[in-house]
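What follows is a short report on a single structure.
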Amino acid sequence: MDSMGGDLPKTAPAAVLTGAYGDPYTIKDVPIPTPSAHDALVELEYSGVCHGDVYARDGGGPAPKDAVRPLTGGHEGVGRIVAMGTEGMDGFRLGDIVGIAWRSYVCGTCQACQAGSENHCFNQKITGAHRDGTFQRYISFPTAQLVPIPSGVSLPSVCPILCAGVTAYAALQRMNPRAGKWCVIVGGAGGLGHLAIQYAKAIGLKVLAIDGGSPDKQQFCTKMGADVFVDFTLPGLVETIVDKTEGGADYVLVLSPHQSSYE
5 MDSMGGDLPK TAPAAVLTGA YGDPYTIKDV PIPTPSAHDA LVELEYSGVC HGDVYARDGG
65 GPAPKDAVRP LTGGHEGVGR IVAMGTEGMD GFRLGDIVGI AWRSYVCGTC QACQAGSENH
125 CFNQKITGAH RDGTFQRYIS FPTAQLVPIP SGVSLPSVCP ILCAGVTAYA ALQRMNPRAG
185 KWCVIVGGAG GLGHLAIQYA KAIGLKVLAI DGGSPDKQQF CTKMGADVFV DFTLPGLVET
245 IVDKTEGGAD YVLVLSPHQS SYE
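Residue numbers (my numbering): 5 to 267.
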C-alpha cells in the first residue's frame with residue numbers, strides 16, 4: 005500500500021446501521037480500512053445527506069432484501085486520497101481530490117453495461133446500501149468508480165452533484181436540448197429541481213419552474229435562474245404555462261415524486 009506518509013489513526017467516527025431496517029444510525033468509532041489492490045483510501049472532508057439514505061435505511065430501494073449490517077450509510081462524499089492499493093490506480097495519485105458517488109461497483113458485462121448504461125447495471129453495488137458509504141472519516145473505494153474533482157470548486161457544493169446533480173444532468177442530456185427552447189421543470193425548488201434549473205440555464209435553455217406552497221420557493225427558483233415561476237396551487241396552470249412559453253414547452257422535466265405531478 006502506498007500512502008502519503010504520516011501515521012493514520014487506527015479508528016475514526018462513523019454513522020453506522022447495526023439493527024433491523026428502520027433502526028436509527030449509531031455514531032461509533034470504526035477501524036480505518038486498508039485499501040484492497042484496486043481501491044484507494046479517501047479521507048473524507050464532506051458528505052451530503054440524501055433522502056435516498058433515509059429510504060435505504062428503512063429498507064426501500066436500492067437496499068437489498070436482507071439488510072447488510074453493520075453498514076455505514078451515505079453516498080455523496082468528497083475527500084482526498086491518502087493511500088492507494090497495489091494495482092489499478094486508474095490515473096489517480098496520492099493527494100487527489102475525488103468524489104464518492106452512489107455507485108461503487110458495476111459488472112461491465114450485463115446487457116445494461118454493454119449498452120453503455122452502467123447506472124442500470126443488473127449487478128451493481130450501491131454505496132451506503134450494499135457496502136460502507138460516506139458517513140465516516142475514511143473510506144476504501146474502488147478507483148474505477150472515483151470521480152475526479154477539479155481544483156477551485158467548493159467541495160461542499162460538489163456533494164449533491166454526485167447524486168441529484170447527475171440525475172438532473174442526465175435527464176437534460178437525453179432530451180438533446182437546443183439553446184433558446186423552453187424547458188418546464190416540475191419541482192423546481194427541490195433537491196433535483198434547483199440543480200436542473202442551473203444546468204438548463206447553463207446550456208442556454210429558457211426555464212419555467214413549477215412549484216408551490218410558499219413565496220420562498222418562487223424567490224429560490226428565481227435566484228437559481230428560472231425565467232418564469234408558476235405556482236401550481238393557483239388556478240389556470242396549463243393556460244399560464246402555454247402563455248408564458250409562447251405556445252407550450254419544448255421539454256419537460258418532472259422532478260417531483262408526488263403522483264399529482266404526473267396527472
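From the three backbone atoms N, C-alpha and C, an ideal C-beta is built for every residue, glycine too.
Quiz prompt | Residues bridged to Y266 (per DSSP) | solution = The partner list for Y266 (beta bridge, DSSP) is empty, contrary to what the question assumes.
Self-check item: Segment limits, beta strand (DSSP E) that includes F233
Solution: V232 to D235
Quiz item: Mapping DSSP to helix, strand and coil, what is Q140?
Solution: strand
Quiz item: What does a CB cutoff of less than 8 angstroms around C114 pick up in its chain, not counting 5 residues either side in sequence?
Solution: C125, F126 and N127
Exercise. Go ahead and pull the three-state DSSP assignment for A67.
Key: The three-state reading of DSSP puts A67 in coil, since its state is none of H, G, I, E or B.
Quiz item: Ends of the beta strand (DSSP E) at L48?
Solution: D43 to S51
Quiz prompt | Nearest-angstrom beta carbon gap, S108 and P146 [assumed within contact, 8 angstroms] | solution = Contact holds; Cβ gap of about 6 angstroms.
Quiz prompt | Given 8 angstroms, three or more beta-carbon pairs between the region 234-247 and the region 158-175 | solution = no
Quiz item: What do you reckon, are the CB atoms on V58 and V162 nearer than 7 angstroms?
Solution: In this structure, V162 does not lie closer than 7 angstroms to V58 by Cβ.
Quiz prompt | Three-way DSSP call (helix, strand, coil) for P181 in this model | solution = coil
Exercise. Please confirm if the region 74-94 is in contact with the region 42-61, defined as three or more CB-CB distances below 8 angstroms between the two stretches.
Key: yes
Exercise. Name the two residues that bound the continuous alpha helix (DSSP H) containing L259.
Key: No alpha helix (DSSP H) holds L259; DSSP gives it neither H nor E.
Quiz prompt | Segment limits, alpha helix (DSSP H) that includes S161 | solution = L159 to P164
Self-check item: Chain-order list of residues whose beta-carbon lies under 6 angstroms from that of Q140 (same chain, five-residue window excluded)
Solution: A18 and T76
Exercise. To the nearest angstrom, report how far apart S316 and V46 are at their CA atoms.
Key: The requested residue 316 does not occur in the structure, where the chain is confined to residues 5 to 267.
Self-check item: Cβ contact (3+ pairs, closer than 8 angstroms) linking the region 219-234 and the region 180-196
Solution: yes
Quiz item: Does the separation of the CB atoms of E91 and A148 fall below 7 angstroms?
Solution: no
Quiz item: Excluding sequence positions up to five away, which residues of its chain have a Cβ less than 7 angstroms from the Cβ of K205?
Solution: V211 and G229
Quiz item: Could you give the uninterrupted runs of the alpha helix (DSSP H) lying entirely in the region 187-211, keeping only those of 4 residues or more?
Solution: 197-206
Quiz item: Hey, quick one: how far does the alpha helix (DSSP H) through Y59 stretch, first residue to last?
Solution: Note, Y59: alpha helix (DSSP H), H55 to R61.
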